[in-house]
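So for the sequence shown, UniProt numbering puts the first residue at 1; every next one is plus one. By construction, the Cβ of each residue, glycine as well, lies at the ideal position given by its N, Cα and C atoms. What follows is a short report on a single structure.
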Amino acid sequence: MNNSDTQSIPDVNQGKAKFVRLFEKIFFPYTPQKFLMELYEKEFFYGSGNALEMLDDLPNKEYFEGLIRNSDLRFPTLSLVSSGKTLHYKEYTEIVNCGGVNTIYVKKKMIEPHFANGGSLVFNNVHLFHPSINILKEIFNHSINCALTGVNAYITPRNNKGFNIHYDNHDVVIIQLEGSKLWKIYKPKEPLPLESEIPKSNPPREDIIFDSEIKKGDVLYIPRGFPHEASSVKTNSHHITIGLRPIKWIDIIQSLISNLNSIPEVRKSVPLEILNDNKLLHDKIKQFLSSLDDSIFPDTIDKIFHENDYEEMASDAPLEL
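Here it is, written out as structure tokens:
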């Protein structure tokens, strides 16, 4: 890695200030505060060349070629995508029994012909095995308190697309590492979809708000719910996608409700006279809420962080980008 602050991705131990400075390079001219106020969950962002200075520290095609050549790739580290859909893992994997333990391995002989025939390669959770990618993930943790993020890498052959038009139920940040890709983004029809909701298929191509070629070092931010599609052009395309999974108000409220189980008064049956009187019922609920012990709140936050840990919620399927 380079020693210059302006070019090197900082070590995780170097403190929040360096992460914030790098965030400000990625989203120039936005500070984290301005990003949260004006863009986050509201508008897309495009930064031409904003990530050029950090590309030397990020994995290139040679890194992934070496990974394929020299590593025993296990599913779901690598997924294959063709004709807009993720292939079922049984189509390109085999189960190997070692010492009584079954492990799912990717059939390497299938990777090259798959790519040659227009299929895309998706490396899932790259932050788990590439140090610089993991540090890149930490940038968002420290800058905008997005504690739950994951990073995938996408390699698409020229004149092809990975996925059909769709929207995601989480925000994403794209950094183009090599080649280029034509991106189209449309106005959202589904406001702030939740991860628990299945995205509607084939959203309409209406009200296009971005139509441009993303080149090496460019940055693109797409809020959840914004329909988009991307296709490579004259060269192979290689980009990484950072999936932002913050704690939402609904997470806190649902956890609070779950923690109410520990209060004996809440476990009692509701008297019939209260059930038959909306005003009494409303007043009783307000009484419960106002009398909650303050100790329930720190327990709730701690529970959310543990239950929504990214490593536990990482899906076998790649992010559709």
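#### Entry: Spatial distance of SER237 from ILE104 (CA atoms)
If you draw a straight line from the Cα of SER237 to the Cα of ILE104, it comes to about 27 Å.
### Query
From the DSSP output, which residues share a beta bridge with GLU229?
Beta-bridge annotation (DSSP): GLU229 is paired with LYS184.
### Task
From the DSSP output, in three-state form, read off ASP171 for me.
Residue state, collapsed to three classes: strand.
### Message
Under DSSP, the alpha helix (DSSP H) around GLU138 begins and ends at which residues?
### Response
If you look at GLU138, you'll find it in the alpha helix (DSSP H) that goes 131-144.
### Which listed residue (VAL173, HIS239, VAL96) has its alpha carbon closest to that of GLY156
Checking the sequence, you will find Thr at residue 156 rather than Gly. Taking only the C-alpha atoms, the option nearest THR156 is HIS239.
### Message
Pairs of beta-carbons, one from the region 206-219 and one from the region 248-265, closer than 8 Å: are there three or more?
### Response
Touching, no.
### Inter-residue spacing [alpha-carbon to alpha-carbon] between LEU281 and ARG224
Each residue's alpha carbon lies about 37 Å from the other.
### Short Cβ contact (7 Å threshold) for PRO188 with PHE226
Remark: C-beta atoms of PRO188 and PHE226 approach each other more closely than 7 Å.
### Message
With H, G and I counted as helix, E and B as strand and the rest as coil, what does DSSP make of VAL20?
### Response
When secondary structure is reduced to three states using DSSP, VAL20 falls in the helix class.
### Task
Determine, using beta carbons only, whether PHE23 and PRO29 come nearer to each other than 7 Å.
Between PHE23 and PRO29, the gap from beta carbon to beta carbon reaches 7 Å or more.
### Query
Can you tell which of LEU73, SER82, GLY84 has the C-alpha that lies nearest to the C-alpha of PRO94?
A small fix is needed here, since residue 94 is Glu in this sequence, not Pro. Scanning LEU73, SER82, GLY84 for the CA closest to the CA of GLU94 turns up LEU73.
### Query
When the Cα atoms are used, what is the spatial distance from LEU55 to ILE285?
Their backbone Cα atoms lie some 55 Å apart in a straight line.
### Message
Suppose contacts are defined by Cβ-Cβ distances below 7 Å. Is ARG158 in contact with LYS61 by that definition?
### Response
In this structure, LYS61 does not lie closer than 7 Å to ARG158 by Cβ.
#### Entry: Coarse secondary structure for ALA51, derived from DSSP in three states
Judged by DSSP in its simplified three-state form, ALA51 adopts coil rather than helix or strand.
### Message
Taking contact to mean 3 or more Cβ pairs, one atom from each stretch, closer than 8 Å, check whether the region 80-93 and the region 106-114 are in contact.
### Response
Yes, the region 80-93 is in contact with the region 106-114.
#### Entry: Euclidean distance between Cα positions of ASN169 and GLU273
So the two alpha carbons sit approximately 43 Å from each other.
### Message
Suppose you measure from the CA of GLY66 to the CA of TRP249; what does that come to, to the nearest Å?
### Response
Each residue's Cα considered, the two are about 43 Å apart.
### Query
Taking the beta strand (DSSP E) that ILE222 falls in, what are its first and last residues?
For ILE222, the enclosing beta strand (DSSP E) starts and ends at 219-222.
#### Entry: For GLU178, the residue or residues it bridges with in DSSP
DSSP lists HIS238 as the bridge partner or partners of GLU178.
### Message
Quick check: the Cα distance between ALA51 and GLY217, rounded to an integer number of angstroms?
### Response
The C-alpha of GLY217 is placed about 5 Å away from the C-alpha of ALA51.
### Task
Kindly indicate which residue of PHE140, ILE214, PRO204 has the alpha-carbon position closest to the one of ILE242.
That would be PHE140, whose Cα lies nearest to the Cα of ILE242.
### Query
Just to confirm, does SER290 get its C-beta within under 6 Å of one of the non-hydrogen atoms of the ligand GTP?
Only the bare structure without any ligand can be found here, which leaves the ligand GTP out of the picture.
### Query
My guess is that LEU275 and ALA230 are in contact by the Cβ rule of under 8 Å, so how many angstroms apart are they, rounded?
Incorrect: roughly 54 Å between the Cβ atoms, too far for contact.
### Task
Just the C-alpha distance for LEU192 and LYS200, rounded to the nearest angstrom, thanks.
So the two alpha carbons sit approximately 13 Å from each other.
### Query
Over what stretch of residues does the alpha helix (DSSP H) that includes ILE198 continue unbroken?
Element bounds for ILE198: n/a, residue is neither H nor E.
### Task
Pick helix, strand or coil for GLY66, following the three-state DSSP scheme.
Annotated three-state conformation of GLY66 is helix, per DSSP.
### Message
Using DSSP's beta-bridge definition, name the partner residues of ASN152.
### Response
Per the DSSP secondary-structure output, ASN152 pairs in a beta bridge with THR241.
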